[in-house]
Each structure stands twice: as structure tokens, then as C-alpha cells.
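So the sequence shown is numbered by our numbering: it starts at 5 and just counts up by one.
Glycine included, every Cβ here is placed at the ideal spot set by N, Cα and C.
As the structure is a prediction and not an experimental result, all values here were calculated from the model.
In what follows, a single structure is set out as C-alpha cells and then discussed.
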Amino acid sequence: MRWEAQRLDVEDTSALPGMPSIRGLLRSVQVPEFPGLTFHEVRARSALNAVPGGSSMPFPYTVNPYRGCSHQCVYCFARRTHEWLEFDSGRDFDTQVVVKTNLVDVLRKELARPSWDRQHVALGTNTDPYQRAEGRYRLMPGVIRALADSGTPFSILTKGTLLRRDVPLLAEAARQVPLGLGLSMAIWDDELHQALEPGVPSPRARLDLVRALADAGLPCGVFLAPVLPGLTDDEQSLDAAIGAIAAAGATGLTVIPLHLRPGAREWFMAWLRGARPDLVPRYERMYARRAYVSAEYRSWLSARVAPLLARHGLDRQSGGAARQVDDPVATGVPGDEEVGFPEGSLPTGGLPGVRPPDEGSPPAPVDTGPAEQLTLL
Ligand code: SF4
Numbered sequence: 005m006r007w008e009a010q011r012l013d014v015e016d017t018s019a020l021p022g023m024p025s026i027r028g029l030l031r032s033v034q035v036p037e038f039p040g041l042t043f044h045e046v047r048a049r050s051a052l053n054a055v056p057g058g059s060s061m062p063f064p065y066t067v068n069p070y071r072g073c074s075h076q077c078v079y080c081f082a083r084r085t086h087e088w089l090e091f092d093s094g095r096d097f098d099t100q101v102v103v104k105t106n107l108v109d110v111l112r113k114e115l116a117r118p119s120w121d122r123q124h125v126a127l128g129t130n131t132d133p134y135q136r137a138e139g140r141y142r143l144m145p146g147v148i149r150a151l152a153d154s155g156t157p158f159s160i161l162t163k164g165t166l167l168r169r170d171v172p173l174l175a176e177a178a179r180q181v182p183l184g185l186g187l188s189m190a191i192w193d194d195e196l197h198q199a200l201e202p203g204v205p206s207p208r209a210r211l212d213l214v215r216a217l218a219d220a221g222l223p224c225g226v227f228l229a230p231v232l233p234g235l236t237d238d239e240q241s242l243d244a245a246i247g248a249i250a251a252a253g254a255t256g257l258t259v260i261p262l263h264l265r266p267g268a269r270e271w272f273m274a275w276l277r278g279a280r281p282d283l284v285p286r287y288e289r290m291y292a293r294r295a296y297v298s299a300e301y302r303s304w305l306s307a308r309v310a311p312l313l314a315r316h317g318l319d320r321q322s323g324g325a326a327r328q329v330d331d332p333v334a335t336g337v338p339g340d341e342e343v344g345f346p347e348g349s350l351p352t353g354g355l356p357g358v359r360p361p362d363e364g365s366p367p368a369p370v371d372t373g374p375a376e377q378l379t380l381l
């Protein structure tokens, strides 16, 4: 989505002083309940985004209610997408949140088209649908109802405990359509959590959410991500994390090391230089040529994690099988292109939304505008 794609034939009269005047913007608001945040309310022309053909992601469509994210993760690699909106990828990404206020109406129209083939729609692939803005705009209940009513399987990936508000609705939806729920969490040290993901609910609060989902009979796959080399990858920390996630009732778990794509790299390395200068040479070596850690590190982490998963009974999930691959990899530490989805995070019940790899691009239901970058949380 770019501002141009949000164009309306209206005058832009409501920009705050100092804000760029942007075509398509309905208004920008700051409210006392959300100090430090500015919400830019736009009217979206489309809701469903077609995933580009050839993507390894196991879903053909995404829906993103918000752009920018008040969870403020320093390592977030959706940051750069904010530059498409004429904002910067740092403070603006954290505080200037674009809200597609008419999303539910547009989505309902698109889902009602005879050509809609009810394939898997993923939420939370760019920025978090349960970030703080959702407390004000309450878009997700309408999205969930629209997808369930239309018979569309869907999945939600989040770090936001606000999802708890919608548990009854999700339980109802799970009776109508295949549903997947994913939570990501990785940083358990309070100080590190505050430094690197200051707007995210605490890991303990997210564990409580895993429990609440399990109690409601809903699936919940956990991404132990991102694991930070030299910071959170010691055996004791991983063991404690995996044990806590298993005890909370997660249906599956995948471990993913930090990626440092442009847009996230600058911010993360700036933090590292200030907080842990001793680790800078190691990170520069590890991420010198690419955004992903080396195969050696992935193998090392896999070997470290495998016995811990076995110890806590999380080695028997079928994350690989859920993606309909011949050689299911229960879990482990995959590279970005073959990211493993923990059991429960993709729609269960036949997985009608999983696109076979050779099927090519699905038919676009609407003029989707520029494809949105996929950035798993
Ligand atoms: S990693 Fe996810 S939760 Fe964190 S800022 Fe990015 S989109 Fe938000």
C-alpha cells in the first residue's frame, strides 16, 4: 500500500500541523488514551492482498489493518515498509500508525464476490493486527466475522495480548472455518525485553494468552523468535523458554534466529553498539553478506534446540507436514525462505488454503495495489 493507492477524491484538510499533506488521508488524530501515537485514518480501496507468485509463504492472501507498529521492536523488519508511506523507518514506524478504517466493509465486499475462492488469508504478516491501535479501532472482530461468515480459512500471527478480547469470537469462528493462531515470543529477560521490544506485552502476559487459547480449545503455535546470537541462545534460557511454552499448552513451536534485513539492521546495530559493543564484531561477521544467519549457526542452534524440544514434548508437531511438504521437519531452525510454521499457526482442518508450490499465482480478486511485504513477526 502506498499513499497513492489510498487516494480519495476528497480534499485533505485535516492533517496535523507539521504532518505531510497526504492524498487519501481522511484525518490524523492524537488521543489522550494513546500518548505518543498518531493515527492516520485512511480509506482503503482494497483489503485482500495477493501474495506474489513464487513466494514460499503457505498462504495466498493477506490482510493488514494497520501500517507501522506501536510494539516498537528494534529488530522489526517491517520497518522499511514505512518509507513507502513517506515516513521514516525508526521513530515514525513506532508512532505514526496508518489505520484502514473502512477495512471490514471493503473486505466483506471482496469476500462476497462470486470469484472469491476461499483460500487461506493470513493476518499479522506485515505489522501486528493486535497492536495498541486495535484497542481503539476494533477492526479485528469485524475481520474475523467477515472471514468466518464467508467460509474463508484464516490465520493470525501476533505478539499482542489484546487478542484475548476476541477469544470467544475466535472459538465461534473455529466452528465455521479452519483457523490457525500464532504467537511470537523470544526475549525473556525483562531488561532486554524493555530495550528491544518496549511496546510489546511481557512474555509472561503472552504465555497467559497461550494458556487462554488452550483453555478455549483453540490452536496456538508459538514462534520462539527472534533468537539473538550471544544474547538469548544459551541453553539455560532456551530450556526455560521452551519449557514454559510447552507448559502453557502451545500446540507447536518453531525456533527462528534473528534476521537483519535493511531497515531493521540499522536500528538493531545502533542498539547493539550502545548496549553490547563486545558483540558488534560477531554480528558484523554473521550478517556481513546477507540478512540471515549462516547455515553453520542454524545447524548449531538446531542441535542445541532439538533435545530441549524433545525434553518438553514439542518435537512431535507436524509443522512440516502442515505445509504439505514431503519431508516434514518437525521444527528446528530454518532459513527465511523455508520458514517453519509451528503446528496450530496455520489453519487446521484440511488446510484448504495451503497452495501447492507449483500452482502459481492465485487469481487476484481485486485490484490489490502494490504487494505488501511479508514480514513474519
Ligand atoms: S516485529 Fe511485529 S510486533 Fe514487533 S514492531 Fe514489528 S510488526 Fe510490530
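Report the residue from the options whose alpha carbon sits nearest the alpha carbon of residue i.
| i | options | result |
| --- | --- | --- |
| W192 | E176, D319, T236 | T236 |
| R168 | E239, M144, S154, V125 | M144 |
| F158 | T165, A175, L166, G164 | A175 |
| A251 | A216, L107, P285 | A216 |
| P202 | K163, E239, D238 | K163 |
| S93 | L242, R265, L232, E37 | R265 |
| Y141 | D121, A126, V108 | V108 |
| R269 | T66, Y296, N68, L257 | Y296 |
| N106 | L318, R49, D282 | R49 |
| L29 | V55, L89, Y287 | L89 |
| A244 | G234, L228, P233 | L228 |
| A177 | G155, S188, L161 | G155 |
| F97 | G267, A279, R286, S306 | G267 |
| S241 | P39, P36, V309 | V309 |
| R136 | G40, R122, H86 | G40 |
| F38 | G139, L211, Q123 | G139 |
| M348 | L232, L115, L187 | The question names Met, but residue 348 in the sequence shown is Gly. Ranking L232, L115, L187 by Cα distance to G348 puts L187 first. |
| L318 | A299, V259, L52 | V259 |
Between which two residues does the beta strand (DSSP E) holding residue i run?
| i | result |
| --- | --- |
| L161 | 158 to 162 |
| Q100 | 100 to 104 |
| R31 | 29 to 33 |
| A126 | 125 to 127 |
| S188 | 183 to 189 |
| G225 | 225 to 231 |
| E201 | E201 -> no beta strand (DSSP E), and no H or E assigned at all. |
| V110 | Note, V110: premise wrong, no beta strand (DSSP E); alpha helix (DSSP H) at 107 to 115. |
| Y134 | Where Y134 is concerned, there is no enclosing beta strand (DSSP E), given that its DSSP letter is neither H nor E. |
| Y65 | 65 to 67 |
| E87 | Careful: E87 lies outside any beta strand (DSSP E) and carries neither H nor E. |
| V46 | 42 to 46 |
Residue i: buried (16+ other C-beta within 10 angstroms of its C-beta) or exposed?
| i | result |
| --- | --- |
| Q100 | buried |
| D330 | With a pLDDT of 37 at D330, under the threshold of 50, the modelled position of that residue is not reliable, and no figure is offered here. |
| F117 | Correcting the residue type first, residue 117 is Arg in the shown sequence and not Phe. Under this definition R117 is an exposed residue. |
| E195 | exposed |
| Q198 | exposed |
| S303 | exposed |
| S119 | exposed |
| V284 | exposed |
| R359 | Reliability of the predicted coordinates at R359 is poor, the pLDDT of 35 falling under 50, and the value obtained from them is presented with this limitation in mind. So R359 ends up on the buried side. |
| A254 | buried |
| P64 | buried |
| S346 | The sequence given here places Pro at residue 346; Ser does not occur at that position. The residue is buried, with at least 16 neighbouring Cβ atoms inside 10 Å. |
| R294 | exposed |
| E288 | exposed |
| R315 | exposed |
Residue i: beta carbon under 7 Å from a heavy atom of the ligand ZN?
| i | result |
| --- | --- |
| C73 | In terms of ligand content, the structure shown lacks the ligand ZN and carries the ligand SF4 instead. |
Establish whether the CB of residue i and some CB of chain C are separated by less than 8 Å.
| i | result |
| --- | --- |
| S159 | Given the protein chain composition of this structure (a single chain), no chain C is represented. |
Return the first residue and the last residue of the alpha helix (DSSP H) that residue i is part of.
| i | result |
| --- | --- |
| S303 | 299 to 315 |
| A152 | 144 to 153 |
| F272 | 269 to 279 |
| P261 | Unbroken run through P261 is the beta strand (DSSP E), 256 to 261; no alpha helix (DSSP H). |
| Y141 | 137 to 141 |
| R289 | 284 to 290 |
| L222 | Unbroken run through L222: none, as it is neither H nor E. |
- Message: Using 8 Å as the cut-off, can you tell me whether the segment 181 to 197 makes contact with the segment 78 to 88, which would need three or more C-beta pairs spanning the two stretches below that distance?
- Response: Judged by Cβ distances under 8 Å, the segment 181 to 197 makes no contact with the segment 78 to 88, as fewer than three pairs qualify.
- Task: Indicate whether the contact test is met: 3 or more Cβ pairs, each with one atom in the segment 140 to 155 and one in the segment 217 to 224, closer than 8 Å.
- Result: With the cut-off at 8 Å, the segment 140 to 155 and the segment 217 to 224 do not touch.
- Message: With three or more beta-carbon pairs closer than 8 Å as the criterion, would you say the segment 62 to 77 touches the segment 129 to 138?
- Response: With a cut-off of 8 Å on Cβ pairs, the segment 62 to 77 is in contact with the segment 129 to 138, counting three or more such pairs.
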